[in-house]
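*Asks:*
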Amino acid sequence: MTSPEKLESLDPATGDVVGVHLVDTPETVAAAVARAREAAAWWGGLGFDGRAEVLAQWRGVLTRRMAQLADVVHQETGKPHGDAQLEIGLAIDHLAWIGSHAEKVLGRKRVSPGLLLANQAASVEYLPLGVVGVIGPWNYPVFTPMGSIAYALGAGNAVVFKPSELTPGVGVWLADSLREVVPDHDLLQVVVGRGETGAALCRSGVDKIAFTGSTATAKRVMATCAETLTPVLIEAGGKDALLVDEDADVVAAADAAAWGAFSNAGQTCIGIERVYVHDRVHDRFVEELVRRAGTVHAGTDADAKIGPMTMAGQVDVVRRHVEDALERGGRAVVGGADAVGDRFVQPTVLVDVPEDCAAVREETFGPTVTVRRVRDMDEAVELANATRYGLGSAVFSRTRGPELARRLRSGMTAVNSVISFAAVPGLPFGGVGDSGFGRIHGPDGLKEFTYAKAVTRVRFKPVLNLTTFDRTPEQDSTVAALLTALHGRATQLPKMPRRPLATRRDRS
Ligand code: NDP
């Protein structure tokens with residue numbers, strides 16, 4: 133018998149091995165899913181109150197051990213301890229919301245049966261799917277997968293989680309922490325491995341796959357899930373834009389742009405990668421952004437506000453984007469080609485970059501940002517929307533924020549801040565286009581892991597029984613009269629400009 137394959141997780145700042153894990157095979161993945169199915173039967177039967185109690189206990193464990201979990205996140209991703217704590221804190225806050233809202237969102241509700249079926253009672257409730265497979269990325273190894281794990285659990289499912297091969301230790305830690313609360317049930321299990329383990333989870337017969345990762349991998353995941361008609365939720369990449377209007381608080385906008393672009397070394401799906409600034413405030417904005425960028429550097433020293441690139445291969449993507457932008461006429465007003473090292477990338481601000489460059493069109497996923505001058509906000513909206521992605525966005529404007537936000541084709545927009553929508557548990561999180569479909573967080577995020585169950589019940593004998601072979605022609609006439617009375621009235625259509633008759637004839 134061959135010994136099981138091992139996966140080493142590394143500290144990306146030093147390359148040191150920080151953990152060794154056994155790789156799961158399709159057989160061990162299938163066994164985990166079978167155990168999860170038993171757990172799901174118990175968990176689904178527990179009801180909202182019982183589940184809320186367990187989730188509250190888990191929340192307590194996570195909160196008390198926050199520093200310990202932050203250490204594991206720091207070791208595997210290299211991000212500063214404070215940033216690790218922030219993502220854990222947000223995940224805990226979502227967990228609290230789930231506990232107190234699941235019943236309200238998913239519980240049985242009466243629905244009007246309508247006039248034709250007035251003799252019936254109608255209701256809908258949202259039932260758990262059973263077992264949900266979660267495939268997660270490495271950039272926010274707690275907050276991001278918990279957006280699926282916690283909401284799937286809150287909706288009554290058991291979960292089998294495949295963390296990124298870069299952050300298996302975080303995944304194992306999370307599962308162990310829930311096991312402390314429910315030692316007898318495999319409510320949350322972790323399967324470790326690379327893409328093949330993820331693919332095995334897709335084929336394992338789970339009732340849904342919640343995938344967070346790149347658009348390219350999302351397509352492979354969908355193709356694999358199609359083999360078994362397993363439904364998928366896709367949270368993929370982004371190329372988020374920030375708009376700065378002429379009346380914006382420029383200092384606040386530059387501060388937010390710096391955080392949105394450089395925090396977590398730019399490895400944020402909803403990070404700011406492009407900025408479009410009104411001509412009237414452009415120079416002031418760039419000056420302020422340059423000043424802010426100068427106060428941030430990547431490193432391992434105590435003052436470093438950003439860490440290393442977690443995935444070594446991403447450094448090459450960042451280098452390619454920066455070099456291409458510079459070769460095509462762009463200028464680096466902060467950082468530049470020399471800012472891209474082996475493990476660390478220093479903040480980089482690029483201006484005058486043509487819109488068809490990779491730095492503007494593709495996800496860079498590094499601490500870099502392009503800034504472009506626009507004549508007005510119409511041009512800003514047009515350029516911001518000229519992307520296949522549509523995850524998040526931000527607008528800085530004193531007077532037109534909500535109006536501009538609505539015109540941006542993205543799942544989420546922050547007005548006069550960045551990224552804040554992710555921290556509001558009641559709001560749905562997700563994108564359009566190449567950024568994926570489906571939603572985590574909020575009521576939509578709970579419903580995502582359920583199926584709608586509709587029930588009608590006869591309350592009294594109907595005056596007109598529509599679904600019987602005993603229906604008579606007289607009854608059909610009554611139905612026709614009833615339908616005419618209900619829906620047959622001529623409605624006043626809004627006045628449309630009439631085309632001249634000649635044109636109509638010409639076209640026929
Ligand atoms: P990847 O797409 O490389 O990987 C995501 C997950 O899928 C990993 O666990 C990976 O395993 C697994 N995987 C790889 N191949 C397969 C396969 N064939 N079948 C099933 N699973 C597979 O993304 P990253 O981990 O690099 O994460 C970064 C990306 O995630 C960025 O594009 C970012 O924008 C996006 N993201 C999106 C978010 C959102 O909410 N919309 C939030 C956070 C990140 P392994 O790591 O072992 O290869």
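Residue numbers (the numbering used here): 133 to 640. For each residue, glycine too, the CB sits at the ideal point set by N, CA and C.
#1: Buried or exposed for residue 340, please, with buried defined as at least 16 other CB atoms from any protein chain shown within 10 angstroms of its CB.
#2: Once DSSP output is grouped into helix, strand and coil, what is the label at residue 160?
#3: Does DSSP classify residue 384 as helix, strand or coil?
#4: Should residue 401 be counted as a contact of the ligand NDP given a C-beta to heavy atom distance under 7 angstroms?
#5: Alpha carbon to alpha carbon, how far is residue 566 from residue 521? Give it in angstroms, no decimals.
#6: Please confirm whether any heavy atom of the ligand NDP lies closer than 7 angstroms to the CB of residue 441.
#7: Determine the burial state of residue 293: buried for a count of at least 16 other Cβ atoms within 10 Å of its Cβ, exposed for fewer.
#8: Are residue 438 and residue 397 touching if we call contact CB-CB under 8 angstroms?
#9: Could you tell me whether any non-hydrogen atom of the ligand NDP is closer than 7 angstroms to the CB of residue 357?
#10: Is any non-hydrogen atom of the ligand GTP found closer than 7 angstroms to the C-beta of residue 555, if you look at the structure I gave you?
#11: Compare the beta carbon distance of residue 274 and residue 219 with 8 angstroms and say whether it is the shorter of the two.
#12: Do the CB positions of residue 298 and residue 583 come within less than 8 angstroms of each other?
#13: Counting only the same chain and skipping the five closest in sequence on each side, list residues whose C-beta sits under 7 angstroms from that of residue 570.
#14: Give me the DSSP bridge partner(s) of residue 139.
#15: Considering only residues of the same chain and omitting the five flanking positions on each side of residue 143, which have a CB-CB separation below 6 angstroms?
#16: Starting from residue 292 and walking both ways along the alpha helix (DSSP H), at which residues does that stretch end?
#17: If contact is defined by three or more beta carbon pairs under 8 angstroms, each pair taking one atom from either stretch, is the region 590–598 in contact with the region 365–383?
#18: Please name the residue, chosen from 559, 385 and 549, that lies closest to residue 503 on a Cα-to-Cα basis.
#19: Does residue 368 come out as helix, strand or coil in the three-state DSSP assignment?
#20: Is residue 627 near the ligand NDP - that is, is its Cβ less than 7 angstroms away from at least one heavy atom of it?
#21: Once DSSP output is grouped into helix, strand and coil, what is the label at residue 212?
#22: Closer than 7 angstroms: is that where the CB of residue 294 sits relative to any heavy atom of the ligand NDP?
#23: Could you tell me the boundaries of the alpha helix (DSSP H) in which residue 356 lies?
#24: Give me, in chain order, the residues of the same chain whose beta-carbon lies closer than 7 angstroms to that of residue 465; leave out the 5 immediate sequence neighbours on both sides.
#25: Anyone know if the C-beta pair for residue 611 and residue 625 falls short of 8 angstroms?
#26: In the structure shown, what three-state DSSP assignment does residue 322 receive?
#27: Indicate whether the contact test is met: 3 or more Cβ pairs, each with one atom in the region 531–539 and one in the region 191–211, closer than 8 angstroms.
#28: Look at the alpha carbon of residue 658 and the alpha carbon of residue 238, and state the distance between them as a whole number of angstroms.
#29: Any heavy atom of the ligand NDP closer than 7 angstroms to the CB of residue 269?
#30: Take residue 229 as the anchor and find which of 619, 559, 171 and 450 has the nearest alpha-carbon.
#31: Using the three-state DSSP reduction, which class does residue 329 fall into: helix, strand or coil?
#32: On a CA-only basis, which of 473, 387 and 601 is nearest residue 416? Give me that one, please.
#33: Would a C-beta distance cut-off of 8 angstroms place residue 500 and residue 210 closer than the cut-off?
#34: By Cβ distance, which residues of its chain are closer than 7 angstroms to residue 420, with the 5 residues on each side in sequence left out?
#35: Who pairs with residue 259 in a beta bridge, going by DSSP?
#36: What number of angstroms, rounded off, separates the C-alpha of residue 486 from the C-alpha of residue 462?
*Replies:* According to the structure shown:
#1: Taking the sequence shown and counting its residues from 1, the one referred to as residue 340 is at position 208. Its Cβ being crowded by 16 or more others within 10 Å, residue 340 is buried.
#2: Taking the first residue of the sequence shown as position 1, residue 160 is located at position 28. Three-state DSSP puts residue 160 in a helix.
#3: Your numbering for residue 384 matches position 252 in the sequence shown. In this structure, residue 384 counts as helix in the three-state DSSP scheme.
#4: Translated into positions along the sequence shown, residue 401 becomes position 269. At least one heavy atom of the ligand NDP is nearer than 7 angstroms to the Cβ of residue 401, so yes.
#5: Taking the sequence shown and counting its residues from 1, one reaches residue 521 at position 389. Taking the sequence shown and counting its residues from 1, one reaches residue 566 at position 434. C-alpha separation (whole angstroms): 5 angstroms.
#6: For the purposes of this step, residue 441 is taken as the residue at position 309 of the sequence shown. The answer is no for residue 441.
#7: Here residue 293 corresponds to residue number 161 of the sequence shown, with the count starting at 1. Buried, by the Cβ-count rule.
#8: Residue mapping note: residue 438 aligns to position 306 of the sequence shown, counting from 1. Residue mapping note: residue 397 aligns to position 265 of the sequence shown, counting from 1. Yes. Within cutoff.
#9: Residue numbering aside, residue 357 sits at position 225 when the sequence shown is read from its first letter. Flag unset: Cβ of residue 357 not near the ligand NDP.
#10: Here the bound small molecules are the ligand NDP; the ligand GTP is not part of this structure.
#11: As a working mapping, residue 274 is identified with position 142 in the sequence shown. As a working mapping, residue 219 is identified with position 87 in the sequence shown. Against a cut-off of 8 angstroms, the Cβ pair of residue 219 and residue 274 comes out as a contact.
#12: Taking the first residue of the sequence shown as 1, we reach residue 298 at position 166. Taking the first residue of the sequence shown as 1, we reach residue 583 at position 451. No, Cβ-Cβ distance for residue 298 and residue 583 is not below 8 angstroms.
#13: Taking the first residue of the sequence shown as position 1, residue 570 is located at position 438. Excluding sequence neighbours, residue 570 sits near 365, 366, 562 and 580.
#14: As a working mapping, residue 139 is identified with position 7 in the sequence shown. Paired residues: 153.
#15: In the sequence shown, the residue the question calls residue 143 occupies position 11. Correct list, in chain order: 150 and 207.
#16: Indexing the sequence shown from 1 puts residue 292 at position 160. Not the alpha helix (DSSP H): residue 292 falls in the beta strand (DSSP E), residues 290–294.
#17: no
#18: Position 371 of the sequence shown holds residue 503. Residue 503 has its Cα closest to that of 385, out of 559, 385 and 549.
#19: For the purposes of this step, residue 368 is identified with residue 236 of the sequence shown, where counting begins at 1. In the structure shown, residue 368 sits in coil (DSSP, three-state: anything other than H, G, I, E or B).
#20: Counting from 1 along the sequence shown, the entry for residue 627 is found at position 495. No, the ligand NDP has no heavy atom inside 7 angstroms of this Cβ.
#21: The residue labelled residue 212 in the question sits at position 80 within the sequence shown. The answer is coil: DSSP assigns residue 212 none of H, G, I, E or B.
#22: Translated into positions along the sequence shown, residue 294 becomes position 162. Flag set: Cβ of residue 294 near the ligand NDP.
#23: Here residue 356 refers to the residue found at position 224 when the sequence shown is read from its first residue. 347–358 is the span of the alpha helix (DSSP H), which, as asked, contains residue 356.
#24: Taking the sequence shown and counting its residues from 1, one reaches residue 465 at position 333. Excluding sequence neighbours, residue 465 sits near 418, 422, 481 and 483.
#25: One-based indexing of the sequence shown puts residue 611 at position 479. One-based indexing of the sequence shown puts residue 625 at position 493. Cβ distance not < 8 angstroms, so residue 611 and residue 625 don't count as in contact.
#26: Within the sequence shown, residue 322 is the residue found at index 190, counting from 1. If DSSP states are grouped into helix, strand and coil, residue 322 belongs with the strands.
#27: no
#28: Outside the displayed span of the chain (133 to 640) sits residue 658, for which this structure offers no information.
#29: Numbered from 1 along the sequence shown, position 137 holds the residue referred to as residue 269. Yes.
#30: Position 97 of the sequence shown, counted from the start, is the residue given in the question as residue 229. Comparing Cα-Cα distances from residue 229 to each of 619, 559, 171 and 450, the minimum goes to 559.
#31: Translated into the one-based positions of the sequence shown, residue 329 becomes position 197. Helix, per DSSP.
#32: Counting from 1 along the sequence shown, the entry for residue 416 is found at position 284. Nearest of 473, 387 and 601 to residue 416, Cα basis: 387.
#33: Taking the sequence shown and counting its residues from 1, the one referred to as residue 500 is at position 368. Taking the sequence shown and counting its residues from 1, the one referred to as residue 210 is at position 78. Going by C-beta atoms, residue 500 is not nearer than 8 angstroms to residue 210.
#34: Residue 420 sits at position 288 when you count from the first residue of the sequence shown. Contacts found: 382, 383 and 386.
#35: Along the sequence shown, one-based indexing puts residue 259 at 127. Residue 259 is bridged to 583.
#36: For the purposes of this step, residue 486 is taken as residue 354 along the sequence shown, with counting starting at 1. For the purposes of this step, residue 462 is taken as residue 330 along the sequence shown, with counting starting at 1. Rounded to the nearest angstrom, the two C-alpha atoms are 7 angstroms apart.
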